[in-house]
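To start, the structure itself, in structure tokens.
Residue numbers (the UniProt record's numbering): 1 to 323.
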């Protein structure tokens with residue numbers, strides 16, 4: 001098969017041996033792979049794959065089932081699927097634990113389905129499992145124009161929350177409002193002041209944050225009493241001080257999470273919940289894949305440069321010749 005490998009910090013399309021599915025695994029013919037910021041971190045040597053995972057970059061794909069490993073039930077060769085991976089997505093074939101597969105109905109675009117698994121599983125597990133977001137609460141999504149952010153805005157709205165978000169320009173903020181955000185703020189402006197105005201000084205119940213250290217103080221200040229701050233990225237650093245007294249007075253909490261390194265059974269649980277609760281939202285149009293551009297797999301280098309530029313709204317996809 002062909003896969004993207006890293007050579008002298010360059011992304012190169014190379015012939016590599018085909019993977020084989022082990023017990024409980026499925027081999028896919030990949031139609032498309034989603035491009036994520038974690039991919040850029042892995043390429044730079046800052047986010048290695050978990051033990052036993054493929055060292056090929058790529059955390060989500062769509063495609064068709066080619067082969068079933070021993071003990072796999074519920075799936076057949078030829079099924080259209082998408083999946084969240086611990087690695088191996090930038091390739092024409094990929095092995096996936098069966099519990100991390102999601103069906104792609106015939107009326108969905110198979111290529112575009114690659115934009116959903118990582119973002120939807122990340123948004124669902126953090127907003128619902130960790131954040132306990134409830135109808136009528138207020139959610140702040142940092143980076144609503146990103147891959148996860150564009151899904152989190154839609155998901156928060158579908159769950160009955162009032163959604164605030166930040167974006168990199170007035171035009172991008174307006175597009176976030178088109179996705180369902182009630183208030184979208186240019187992140188170059190005074191975000192805490194905008195949140196104070198939007199909430200009448202109450203603050204927000206849940207914050208989904210990709211910024212990390214550089215936004216920690218403002219995030220804690222923007223939390224309402226009983227608020228939950230969930231950090232899923234460190235774009236502005238990974239070390240910061242927090243005023244514990246403020247957290248105590250607000251009876252608030254700070255959580256840090258990742259998806260990639262979770263145990264298989266935990267990922268399977270999240271995927272099952274997404275299939276039951278979120279997939280109907282995609283089917284009826286409450287949530288959609290937001291695709292910025294589709295590029296050939298061989299142009300992975302350009303895809304990374306685009307993502308790093310900050311110009312991408314939603315997801316970039318790498319398409320194989322099996323699509």
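The beta-carbon is built from N, C-alpha and C at its ideal position, and this holds for glycine as well.
These numbers come from a predicted model, not from an experiment.
Determine the DSSP secondary structure at residue i, reduced to helix, strand or coil.
i: residue 73; result: coil
i: residue 118; result: helix
i: residue 162; result: strand
i: residue 284; result: coil
i: residue 304; result: helix
i: residue 246; result: helix
i: residue 290; result: coil
i: residue 274; result: helix
i: residue 157; result: helix
i: residue 262; result: coil
i: residue 239; result: coil
i: residue 268; result: helix
i: residue 309; result: helix
Which residues in the same chain as residue i place their Cβ atom closer than 8 Å to its Cβ, once the five residues preceding and following it in sequence are excluded?
i: residue 240; result: 212, 213, 214, 216, 217
i: residue 153; result: 141, 144, 163, 165, 176, 179, 180, 181
i: residue 302; result: 295
i: residue 170; result: 186
i: residue 17; result: 1
i: residue 287; result: 120, 151, 154, 155, 158, 278, 281
Only counting the same chain, and skipping five residues up and downstream in sequence, which positions put a Cβ closer than 7 Å to that of residue i?
i: residue 300; result: 4, 11, 90, 318
i: residue 101; result: 26, 75, 81, 83
i: residue 55; result: 49, 87
i: residue 13; result: 2, 4, 297, 298
i: residue 264; result: 97, 99
i: residue 191; result: 166, 185, 218
i: residue 312; result: 292, 306
i: residue 235; result: 210, 211, 212
Tell me, which residues are paired with residue i by DSSP?
i: residue 82; result: 62, 102
i: residue 253; result: 228
i: residue 4; result: 13
i: residue 29; result: 64, 93
i: residue 35; result: 316
i: residue 296; result: 319
Would you say residue i and residue j are within 8 Å of each other, going by their C-beta atoms?
i: residue 133; j: residue 127; result: yes
i: residue 151; j: residue 173; result: no
i: residue 231; j: residue 138; result: no
i: residue 1; j: residue 122; result: no
i: residue 50; j: residue 238; result: no
i: residue 229; j: residue 255; result: yes
i: residue 208; j: residue 96; result: no
i: residue 98; j: residue 130; result: no
i: residue 285; j: residue 168; result: no
i: residue 33; j: residue 110; result: no
i: residue 40; j: residue 304; result: yes
i: residue 136; j: residue 156; result: no
i: residue 247; j: residue 220; result: yes
i: residue 307; j: residue 35; result: yes
i: residue 315; j: residue 94; result: no
Can you give me the Cβ contacts of residue i inside the same chain, cut-off strictly under 6 Å, excluding the 5 residues immediately before and after it?
i: residue 183; result: 164, 198
i: residue 53; result: 86, 87
i: residue 113; result: 62, 82, 104
i: residue 274; result: 120, 121, 124
i: residue 23; result: 69, 70, 71
i: residue 267; result: 100
i: residue 67; result: 21, 27
Between residue i and the ligand NAP, is the CB less than 7 Å from at least one heavy atom?
i: residue 310; result: Among the components modelled here there is no ligand, and therefore nothing to report on the ligand NAP.
For this session: Scan the stretch 159-236 and note each continuous alpha helix (DSSP H) run of 4 residues or more that stays entirely inside, going in chain order.
Result: Listed in chain order, they are 170-179, 191-199, 216-222.
Problem set entry | Segments of 3+ residues assigned as beta strand (DSSP E) that fall wholly inside the stretch 108-152 | As far as the stretch 108-152 is concerned, its whole beta strand (DSSP E) runs of at least 3 residues are 138-141.
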